[in-house]
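For reference, the structure discussed in these notes is given below.
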Amino acid sequence: KNQVEQSPQSLIILEGKNCTLQCNYTVSPFSNLRWYKQDTGRGPVSLTIMTFSENTKSNGRYTATLDADTKQSSLHITASQLSDSASYICVLNTGGFKTIFGAGTRLFVKA
Amino acid sequence: DAEITQSPRHKITETGRQVTLACHQTWNHNNMFWYRQDLGHGLRLIHYSYGVQDTNKGEVSDGYSVSRSNTEDLPLTLESAASSQTSVYFCASSPGQISEQYFGPGTRLTVT
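Protein chains in written order, with the working numbering: chain A, 10 to 120; chain B, 40 to 151.
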């Protein structure tokens, strides 16, 4: 079983709509949890970072939440734009350089 | 502006050939990483380096090697390319252990 599992695998939404991506993990505790955005043909770029004790972190239209009790994180995208079409990756840093990457959710925003 | 670059961006090679993928960063970060990304999998760590002359194996290091002769570069070598090494390879660097990693644009390698 993967230590970081993301759902859904892919998602199609209309421009202007909101969406929420899920990340379930089994590793606990951890140093931090990041959400990365990866555009097609590009490397991942960090969107948000939360430590084990934080509950929420925002970056513009992106809001990440963390529930340490249920071992879940979510990334909420508000008022989606065509440029939000990308893969979103949940990443746990468990200490030092040990990082665990989820397989990602592929988001398609349609006009 | 500081950046991290990879070359080539695309490479097709034959089974058994030696291949070297280049990674160059201008942030002066001590820490550099190589990952591979395959469909259905998260990024998987191949090798990493804490600084000059330091190299360490990641979770999928078999068939790969790296060397760190200066701060800016961490080339990844496939000693004898295999079809299972067809993948997209990403290089990354970071200033600290739990800091954000900055990723290069990736190299798509096809082994035929």
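Idealized CB from N, CA, C, for every residue including glycine.
Whole-angstrom Cβ separation of residue i and residue j, contact assumed at under 8 Å?
{"i": "leucine 101 of chain A", "j": "valine 36 of chain A", "result": "5 Å"}
{"i": "phenylalanine 129 of chain B", "j": "glycine 52 of chain A", "result": "5 Å"}
{"i": "arginine 75 of chain B", "j": "valine 127 of chain B", "result": "7 Å"}
{"i": "arginine 115 of chain A", "j": "glutamine 31 of chain A", "result": "In fact, because the Cβ distance is near 14 Å, the residues do not count as touching under 8 Å."}
Can you tell me which of the three DSSP states residue i falls into?
{"i": "leucine 113 of chain B", "result": "coil"}
{"i": "leucine 42 of chain A", "result": "strand"}
{"i": "leucine 82 of chain B", "result": "coil"}
{"i": "aspartate 78 of chain A", "result": "coil"}
{"i": "serine 37 of chain A", "result": "coil"}
{"i": "glutamine 90 of chain A", "result": "coil"}
{"i": "serine 67 of chain A", "result": "strand"}
{"i": "glutamine 64 of chain B", "result": "strand"}
{"i": "serine 62 of chain A", "result": "coil"}
{"i": "glutamine 124 of chain B", "result": "helix"}
Compare the C-beta of residue i against all C-beta atoms of chain B and say whether one is closer than 8 Å.
{"i": "valine 36 of chain A", "result": "no"}
{"i": "glycine 25 of chain A", "result": "no"}
{"i": "valine 13 of chain A", "result": "yes"}
{"i": "isoleucine 58 of chain A", "result": "yes"}
Can you find a C-beta in chain A that's less than 8 Å from the C-beta of residue i?
{"i": "glutamate 53 of chain B", "result": "no"}
{"i": "glutamate 42 of chain B", "result": "no"}
{"i": "glutamine 136 of chain B", "result": "yes"}
{"i": "glutamate 111 of chain B", "result": "no"}
{"i": "glutamate 139 of chain B", "result": "yes"}
{"i": "proline 47 of chain B", "result": "no"}
{"i": "proline 114 of chain B", "result": "no"}
Mind checking residue i: buried by the 16 CB within 10 Å criterion, or exposed?
{"i": "lysine 119 of chain A", "result": "exposed"}
{"i": "histidine 49 of chain B", "result": "exposed"}
{"i": "isoleucine 86 of chain A", "result": "buried"}
{"i": "lysine 66 of chain A", "result": "buried"}
Self-check item: Residues in the segment 72 to 84 of chain B having any Cβ partner in chain A nearer than 7 Å
Solution: Result list: Gly79, His80, Gly81, Leu82.
Quiz item: According to a CB-to-CB cut-off of less than 9 Å, which residues of the segment 88 to 116 of chain A neighbour chain B?
Solution: For the segment 88 to 116 of chain A, the set of positions with a beta-carbon nearer than 9 Å to some beta-carbon of chain B reads Ile98, Cys99, Val100, Asn102, Gly104, Gly105, Phe106, Lys107, Thr108, Ile109, Phe110, Gly111, Ala112, Gly113 in chain order.
Quiz item: Listed in chain order, which residues of the segment 65 to 89 of chain A have Cβ atoms closer than 7 Å to some Cβ of chain B?
Solution: For the segment 65 to 89 of chain A, which is checked against every Cβ of chain B, not one residue is closer than 7 Å.
Quiz item: If you measure beta-carbon to beta-carbon, which residues of the segment 86 to 105 of chain B are closer than 7 Å to chain A?
Solution: So the list reads Tyr87, given in the order they occur along the chain.
Practice problem: Anything in the segment 29 to 55 of chain A with a Cβ closer than 9 Å to a Cβ of chain B? List those residues in chain order, please. | Solution: Within the segment 29 to 55 of chain A, the qualifying residues are Ser40, Asn41, Arg43, Tyr45, Gln47, Gly50, Arg51, Gly52, Pro53, Val54, Ser55.
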